[in-house]
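Trainee: Following our numbering, the numbering of the sequence shown begins with 12 at its first residue and continues without gaps.
We put the beta carbon where it would ideally sit given N, CA and C, even for glycine.
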Amino acid sequence: MIYLKEFILGGEADIIRNMRNIYNSHYPLGIFSQMGLSYLEFEPITIFYGSNGVGKTTLLNMIAMKLQASRRNINKQSDLFEKFVDGCSCTMINQDELQEIKSLSSDDIFDYLLDVRAINSEVNRRKETIGNEYLRVRENKEGLQFDSRVEGSYEELVKRVDSRRMTQSKYIRSRLANNNMVQHSNGESALEFWQNEIREYSLYLLDEPENSLSPESQIRLKQFIEESARFYGCQFIISTHSPFLLALEDARIYDLDKGGEISRWQDLENVRTYYYFFKEKRGKFE
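Written out as structure tokens, the structure is:
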């Protein structure tokens, strides 16, 4: 599905003429005009590729601001940035089916992983507490009894019964499950983040989504994005260095290192560097 059909970068002459030296920085002026990039046309999956500092994230942020995309975190830009974006234009189609427009960055992943780490720490603390509880009630040699006049007597009875019929690990798991506590690795959590954020019939701008993902997880994310675009009405605009995400099926790739020309993934410098390296080491795999 295509929602954003085209994006046209605005001219800079009028802005420069009216600047009157009131801005400390001219960012983002000159970044794209110097490379001759003024027009972008989009497919269900479109990729911005290029070296660090070439303007991939800037371009994503401009499009996100123009489309008023939602974000998990505030992304404050300068007045000059906003003026430049005001001068840009875009063409939207199929808007009656569009559910949301969202911009997601690698910073969002790191914030999410910090939250997961805090949850994992709490899980570990709960495991230790419940494990000690198991040993305490299991070692209690008194007979099983319940006294309704004593507060907490029933709960204590349940613990003692469970401790005698369960192993320690099963006792701990049963009580963690009741609190919906589940531990994940960083890679699993990062992949889960993308799977939770992406919904059908939506437009997503993703800034280096490969961060914190292993090669295996990047391949799984690639497959998830392809399926979301093909079967669930999603459109993706992605900034990436990942050779796996650069291989997204039927993606249009703008190589910003070459002035924004459309390239095949197998012709990109980053991908060919991997190719030649593994080709040289081919004998090691045979």
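May I ask you to list the residues that DSSP assigns as paired with residue 246?
Mentor: 214
Trainee: Helix, strand or coil for residue 115 per DSSP?
Mentor: strand
Trainee: Assuming contact is defined by CB atoms lying nearer than 8 Å, are residue 123 and residue 251 in contact in what I supplied?
Mentor: no
Trainee: List, from N- to C-terminal side, the alpha helix (DSSP H) runs of 4 residues or more that fit wholly inside the segment 27 to 114.
Mentor: 67 to 77, 90 to 97
Trainee: If we call anything under 8 Å between Cβ atoms a contact, is residue 217 one with residue 103?
Mentor: no
Trainee: Taking residue 62 as the reference, give the member of 279, 295, 294 with the closest Cα.
Mentor: 279
Trainee: Do you know whose CA, among 38, 13, 47, 22, lies nearest residue 271's CA?
Mentor: 47
Trainee: Reducing DSSP to helix, strand and coil, say where residue 23 ends up.
Mentor: coil
Trainee: Taking Cβ to Cβ, would you say residue 21 is nearer than 8 Å to residue 43?
Mentor: no
Trainee: Enumerate in chain order the residues of its own chain whose CB-to-CB distance from residue 49 is below 8 Å, with the five nearest sequence positions on each side excluded.
Mentor: 19, 20, 43
Trainee: What first and last residue would you give for the beta strand (DSSP E) that runs through residue 280?
Mentor: It is not in any beta strand (DSSP E) - residue 280 instead sits in the alpha helix (DSSP H) that spans 280 to 291.
Trainee: For residue 293, count the other beta carbons within 10 Å of its own beta carbon; 16 or more makes it buried, fewer makes it exposed. Which is it?
Mentor: exposed
Trainee: What does residue 171 pair with, by DSSP beta-bridge criteria?
Mentor: Paired residues: none, contrary to the question.
Trainee: Does DSSP classify residue 13 as helix, strand or coil?
Mentor: coil
Trainee: Closer than 8 Å is the cut-off here; do at least three beta carbon pairs connect the segment 85 to 100 with the segment 276 to 290?
Mentor: no
Trainee: Measure how close the beta-carbons of residue 56 and residue 258 come, nearest whole angstrom, since I'm counting them as under 8 Å.
Mentor: About 11 Å separates the two Cβ atoms, so there is no contact after all.
Trainee: Could you pull the DSSP bridge partners for residue 253 from this structure?
Mentor: Residue pairing for residue 253: DSSP places it in no beta bridge.
Trainee: For residue 274, report the span of its beta strand (DSSP E) as first-last.
Mentor: 272 to 274
Trainee: For residue 296, which beta-bridge partners are listed by DSSP?
Mentor: Partner(s): none; residue 296 has no beta bridge.
Trainee: Tell me, which residues are paired with residue 18 by DSSP?
Mentor: 51, 101
Trainee: Assuming residue 264 is part of the beta strand (DSSP E), what are its boundary residues?
Mentor: 263 to 266
Trainee: Excluding the five sequence neighbours on either side, which residues of its own chain have a C-beta within less than 7 Å of the C-beta of residue 295, listed in chain order?
Mentor: So the list is empty, once near-sequence residues are dropped.
Trainee: In whole angstroms, what is the alpha-carbon distance linking residue 199 and residue 228?
Mentor: 8 Å
Trainee: Note down the Cα distance separating residue 157 from residue 176, rounded to an integer number of angstroms.
Mentor: Because the pLDDT of residue 157 is 43, which lies under 50, any placement of that residue in the model is unreliable, and the question is left without a value.
Trainee: Would you identify the three-state DSSP class for residue 178, choosing helix, strand or coil?
Mentor: coil
Trainee: Determine the contact status of residue 117 and residue 82, defining contact as a CB-CB distance below 8 Å.
Mentor: no
Trainee: With residue 92 and residue 263 assumed to form a contact (beta carbons below 8 Å), what rounded beta-carbon distance in angstroms separates them?
Mentor: Not a contact, Cβ separation roughly 25 Å.
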